[in-house]
Amino acid sequence: MKREQLIVTLACVGASAVAALAFFRCDTAASTHGTKRVDLDSLPIVGEEEAVLAAPPQVPPPITRDHATKVIVRLEVREEVGEIADGVDYVFWTFGGTVPGSFIRVREGDLVEFHLSNHPDSRMPHNIDLHAVTGPGGGATSSFTAPGHTSQFSFRVRNPGLYVYHCATAPVGMHIANGMYGLILVEPLEGLPPVDREYYVMQGDFYTRGAFGEAGEQPFDMQKALAENPDYVLFNGRVGALVGDRALQAKVGETVRLFVGNGGPNLVSSFHVIGEIFDAVHHEAGAVANHDVQTTLIPAGGAAIAEFEVEVPGTFILVDHSIFRAFNKGALGMLSVEGDEDATTYSGRQDDRIYLAEGGAAQRVPGGDQPVSAEPMQRDELMTRGRQVFQQICAACHQPEGQGVPHAFPPLAKSDFLMADIDRSIDAVLHGLSGPIEVNGAKFDGVMPAVHLPDRDVASVLTFVRNSFGNDGEPVTPAQVAARR
Ligand SMILES: [Cu+2]
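Under the working numbering, residues 36 to 520 are what the sequence shown spells out, in order.
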């Protein structure tokens with residue numbers, strides 16, 4: 036962590052130590068927190084410009100202006116079919132054609148002239164409530180827009196920060212659940228401290244007639260929404276929106292700023308990046324920065340600004356740490372960091388050896404009933420132990436009957452991929468498996484983690500899956516596994 040460096044860049048010249056922590060408002064004109072900061076009369080509106088909007092995960096460039104201006108924002112609502120997961124369609128209602136909607140970036144004191152258009156093909160009227168607005172409904176009452184219409188209203192942005200906007204047309208929950216939310220950043224007068232990368236990530240929960248991954252077009256399910264029981268919890272509106280080729284990118288040594296929002300409609304997010312520590316977090320996107328944060332709570336209809344330097348290369352996983360949402364409902368993204376290893380910060384695996392508990396030549400496998408001996412294993416022993424390992428480890432993803440989950444976890448039942456190549460299946464368990472594969476004609480592109488098991492357990496579980504769920508094949512021996520280590 037290079038916190039000193041960050042704080043120094045964040046602090047303003049002449050600011051006190053306390054003000055340095057509150058860099059969002061550390062210009063000399065700043066008054067105390069919680070009170071109105073600037074007199075808008077002292078910020079005359081000079082000229083006008085069209086807002087540069089950006090689609091997630093990108094954000095518009097920092098503002099370099101040193102004066103307030105009239106910013107014209109034109110945002111179009113479109114109701115469009117999109118993919119919520121591979122092979123699963125959903126009718127999204129969008130601000131600007133994306134979920135979350137276009138990122139808007141203005142400066143404290145600006146006058147925003149907002150034009151909300153509703154595409155003629157829309158079936159619903161829509162409006163917009165921006166949390167950055169001081170005024171009734173956050174703009175909602177002035178922006179109710181029928182299909183094929185454009186409405187206009189204006190507001191001065193008085194408070195710096197990162198604000199959620201969303202549709203507020205009844206039924207409000209349904210409009211938000213269909214993807215109608217986004218972020219507007221109001222930069223403070225002094226601007227934000229420069230960083231190398233800025234990204235836009237926004238969580239939302241989705242409620243579909245079919246269960247997670249069920250193929251075809253899935254309509255919105257009101258009952259599930261009322262029960263707050265989503266099938267999908269997503270970053271940027273799609274399973275895998277920030278995975279693989281679409282992962283966020285950075286290089287070792289760079290500073291990264293994440294503008295993270297939560298559209299809800301229901302869930303709060305325990306936002307976490309696996310393998311990183313946030314050097315600074317503007318919790319609830321407010322003026323005060325907290326430091327050295329592992330997980331930050333983002334309320335529905337709220338946001339946070341998280342900043343960190345990336346010190347080592349690798350893939351860092353963005354999750355909602357309510358962790359079933361990450362691994363089973365889609366709330367998982369990736370930050371891919373390139374560059375040289377830094378062994379001082381992170382060594383990588385240094386050693387892996389058999390651990391013999393004191394006093395015994397035989398090792399007990401956690402959860403196993405059989406002491407591990409050097410005796411060769413009989414087929415029924417492999418099957419018995421294999422069933423246990425399967426139920427404890429593999430069934431969570433591949434499902435109890437090995438049937439898999441469409442578009443997420445490939446089947447082991449009658450799997451042509453599994454049965455074709457013993458060594459390949461040993462490698463999958465020992466070293467993990469990722470990248471596109473085809474199983475029984477269906478494509479998968481997921482990540483199976485390496486499973487840390489002794490040779491005998493790997494042999495057992497593979498013998499079991501190769502002789503269960505309609506499969507019929509040779510047993511796998513511990514010696515075969517040892518040969519692939
Ligand atoms: Cu709407």
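Where a beta carbon is used, it is the ideal one built from N, C-alpha and C, also for glycine.
- Counted as a single uninterrupted DSSP element, the beta strand (DSSP E) harbouring threonine 350 occupies residues 349 to 355.
- Between the segment 103 to 123 and the segment 72 to 92, the count of C-beta pairs closer than 8 Å reaches three or more; the two stretches touch.
- For histidine 161, the distance from the CB to the nearest heavy atom of ligand 1 is below 6 Å.
- Judged by the Cβ position, histidine 210 qualifies as a neighbour of ligand 1 at the 6 Å threshold, a heavy atom of the ligand being closer than this.
- If only complete runs of 3 or more residues are kept, the segment 357 to 392 shows the beta strand (DSSP E) at 367 to 373, in order along the chain.
- Ala90 is the residue among Asn153, Gly174, Ala90 and Arg459 whose C-alpha sits nearest the C-alpha of isoleucine 139.
- From the listed residues Met209, Thr512 and Phe130, the smallest Cα separation to isoleucine 219 is found for Phe130.
- By a beta-carbon distance limit of 8 Å, alanine 335 does not contact histidine 317. Their separation comes to about 18 Å.
- Going by beta carbons, valine 328 and phenylalanine 306 fall outside the 7 Å limit.
- The bridge partners DSSP lists for serine 77 come to none.
- For cysteine 429, the shortest separation between its Cβ and any heavy atom of ligand 1 does not lie below 6 Å.
- In the structure shown, the three-state DSSP call for glutamate 83 is strand.
- Around the beta-carbon of valine 464, 16 or more other beta-carbon atoms lie within 10 Å, marking it buried.
- Only exposed fits alanine 181, as fewer than 16 other CB atoms lie within 10 angstroms of its CB.
- The three-state secondary structure of alanine 320, taken from DSSP, is helix.
- Annotated three-state conformation of serine 460 is helix, per DSSP.
- Straight across, the Cα-Cα distance linking aspartate 507 with proline 446 is about 15 Å.
- Contact between asparagine 301 and aspartate 240 holds, with the beta-carbon distance rounding to 6 Å and staying under 8 Å.
- The closest heavy atom of ligand 1 lies less than 6 Å from the beta carbon of cysteine 202.
- Counted as a single uninterrupted DSSP element, the alpha helix (DSSP H) harbouring alanine 494 occupies residues 490 to 500.
- The three-state secondary structure of histidine 466, taken from DSSP, is helix.
- Ligand 1 has a heavy atom closer than 6 Å to the beta-carbon of methionine 215.
- Excluding its 5 nearest sequence neighbours in each direction, leucine 197 has C-beta neighbours in its own chain below 7 Å: Leu218, Leu220, Phe294, Ala320, Ala338 and Ile340, listed in chain order.
- Glutamine 434 carries a coil assignment under DSSP once its states are collapsed to helix, strand and coil.
- Judged by DSSP secondary structure, methionine 454 falls within the alpha helix (DSSP H) whose first and last residues are 451 to 455.
- One thing to note: leucine 261 has its Cβ no nearer than 7 Å to the Cβ of phenylalanine 270.
- For the pair histidine 442 and glycine 122, the CB atoms are nearer than the 7 Å cut-off.
- Looking at the DSSP output, lysine 478 sits in a beta bridge with Glu473.
- Under the 8 Å Cβ criterion, the segment 111 to 122 does not count as touching the segment 93 to 100, having fewer than three qualifying pairs.
- Taking a contact as a CB-CB distance under 8 Å, the pair valine 511 and isoleucine 457 counts as one, their CB atoms being some 6 Å apart.
- Collapsing the DSSP output to three states places glycine 299 in a strand.
- Tyrosine 381 is classed as exposed because its beta carbon has fewer than 16 other beta carbons within 10 Å across all chains shown.
- Here DSSP, grouped into helix, strand and coil, assigns valine 511 to coil.
- Per DSSP, leucine 227 lies in no alpha helix (DSSP H) segment and is marked neither H nor E.
- For valine 199, the uninterrupted beta strand (DSSP E) run begins and ends at 196 to 201, by DSSP.
- By the Cβ criterion, the segment 486 to 493 is not in contact with the segment 432 to 442, since fewer than three pairs of Cβ atoms, one from each stretch, lie closer than 8 Å.
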